[in-house]
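The opening residue of the sequence shown carries number 1090 in my numbering; numbering runs sequentially from there. Every residue, glycine too, gets a C-beta built ideally from N, C-alpha and C. Notes to accompany the following structure.
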Amino acid sequence: MKCFKVMVFALFFLSTFCFNACTVMQKAPMAPVIFTVTIENISDSSAIPTPLAPGVWAVHTSPYVLYKATHPDMGMGLEPLAEDGMPNSLYAHVMTMKNVGAAGIFDTPSDMDKPGPLMPGASYSFTVMGMPGDRLSFATMFVQSNDLFFGTMDQGVPLFRGETPISGDYTPQVMLWDAGTEINEAPGKGMYQAPRQMGPGMGAPEHGNVRLITDGYPPSREMIRITIKNSMHTMDKMTPMPGHGSHSGH
Ligand SMILES: [Ca+2]
1090 MKCFKVMVFA LFFLSTFCFN ACTVMQKAPM APVIFTVTIE NISDSSAIPT
1140 PLAPGVWAVH TSPYVLYKAT HPDMGMGLEP LAEDGMPNSL YAHVMTMKNV
1190 GAAGIFDTPS DMDKPGPLMP GASYSFTVMG MPGDRLSFAT MFVQSNDLFF
1240 GTMDQGVPLF RGETPISGDY TPQVMLWDAG TEINEAPGKG MYQAPRQMGP
1290 GMGAPEHGNV RLITDGYPPS REMIRITIKN SMHTMDKMTP MPGHGSHSGH
């Protein structure tokens, strides 16, 4: 009788193991999903109409690749992006980070055929690929400022909920940040702000931290709109990425 019980237990164990093993073996690996990100400048009807500037995006696996709230600028190129709308330095540094799978520059407005600032009414658009666990970060200068930029929350926006890719309006997850590198003047009026200064890098140093900024500025949702749409295309259906300056580690 004891031997019979052992045999029953063994059969139960083996059948359970086999079921689980077969279940795992039958689960196909997930292919990367393509996301189209659109940044619309809707500031023309706000209290401070402003151009936006060419910016940087990154898809990454751990947070804080572009900046971290309450910490100083990491010295990787956020300052020229935030003060002068120059994204190349930040892009070059982000590309070298091990936890960044892909990065790029967005710089060509929807109504233009060459790179330039994003005027009110226009949009930047770019595509990224992501897998579960990936996050998206980007930053673009608020041009009528000394060192302000619109950017994702500092941890980045998770591109999946579980294994489901996100899609929709993600404006609430994009904020107005102060890079903490240059003293602020009144928006749209300062002589050291990009439209009026004599050259890049001008203005009084701030030696502050990257921080959210709200006082004296319209809500972000009145100035910028972010949509992220996924297409469940797999890599073998992928079309070439538009624009320049992107690489992929996936
Ligand atoms: Ca500042």
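C-alpha distance - residue i paired with residue j, whole-angstrom precision
| i | j | result |
| --- | --- | --- |
| Gly-1222 | Arg-1310 | 27 Å |
| Phe-1227 | Asn-1273 | 22 Å |
| Thr-1112 | Gln-1233 | Residue confidence is low: Thr-1112 scores 45 on pLDDT, short of 50, so the model does not pin down where it sits. Its coordinate-derived value is still stated next. Cα-Cα distance, rounded: 56 Å. |
| Leu-1207 | Pro-1143 | 8 Å |
| Pro-1276 | Glu-1172 | 13 Å |
| Met-1321 | Val-1122 | 6 Å |
| Arg-1300 | Asp-1236 | 11 Å |
| Lys-1318 | Pro-1307 | 26 Å |
| Tyr-1314 | His-1182 | For the record, residue 1314 in the displayed sequence is Arg; it is not Tyr. Cα to Cα, Arg-1314 sits roughly 27 Å from His-1182. |
| Asp-1304 | Met-1201 | 33 Å |
| Gly-1174 | Gly-1290 | 11 Å |
| Gln-1286 | Thr-1159 | 28 Å |
| Gly-1279 | Glu-1295 | 15 Å |
Contacts around residue i, its chain only, beta-carbon distance under 6 Å, and the 5 residues preceding and following it disregarded
| i | result |
| --- | --- |
| Asp-1249 | According to the sequence shown, residue 1249 is Phe rather than Asp. The answer, listed in chain order, is Pro-1221. |
| Ser-1214 | Thr-1127 |
| Leu-1155 | Ser-1226, Ala-1228 |
| Ser-1132 | Pro-1138, Thr-1139, Pro-1209, Met-1312 |
Same chain, Cβ closer than 7 Å to residue i, five either side skipped, listed in chain order
| i | result |
| --- | --- |
| Thr-1241 | Leu-1225, Ser-1226, Phe-1227, Gln-1262, Val-1263 |
| Thr-1229 | Ile-1128, Leu-1141, Ala-1142, Gly-1144, Phe-1238, Phe-1239 |
| Val-1246 | Arg-1224, Leu-1225, Tyr-1259, Gln-1262 |
Where residue i falls: helix, strand or coil (DSSP)
| i | result |
| --- | --- |
| Arg-1300 | strand |
| Arg-1224 | strand |
| Met-1184 | helix |
| Pro-1204 | coil |
| Asn-1082 | Outside the shown range of the chain, which is 1090 to 1339, sits residue 1082, and nothing can be said about it. |
| His-1339 | Since pLDDT at His-1339 reaches only 36, below the 50 mark, its modelled position is unreliable, and the value read off the structure follows with that caveat. Residue state, collapsed to three classes: coil. |
| Asn-1130 | strand |
| Asn-1319 | strand |
| Asp-1258 | strand |
| Ser-1178 | helix |
Candidates the options, of which the one nearest residue i by Cα
| i | options | result |
| --- | --- | --- |
| Val-1217 | Met-1312, Val-1126, Ile-1313 | Val-1126 |
| Gly-1292 | Asp-1304, Met-1312, Glu-1271 | Glu-1271 |
| Pro-1284 | Asn-1319, Ser-1134, Pro-1138 | Pro-1138 |
| Phe-1195 | Pro-1204, Val-1183, Asn-1188 | Pro-1204 |
| Pro-1152 | Thr-1316, Pro-1161, Met-1186 | Met-1186 |
| Ala-1147 | Ala-1120, Gly-1193, Asp-1202, Gly-1297 | Gly-1193 |
| Asn-1298 | Met-1280, Trp-1266, Asp-1200 | Trp-1266 |
Contact set for residue i: own chain, Cβ-Cβ below 8 Å, skip 5 residues either direction
| i | result |
| --- | --- |
| Ser-1178 | Met-1165, Gly-1166, Pro-1169, Leu-1170 |
| Ala-1110 | Per-residue confidence for Ala-1110 stands at a pLDDT of 43, beneath the threshold of 50, marking its modelled position as unreliable; no derived number is given. |
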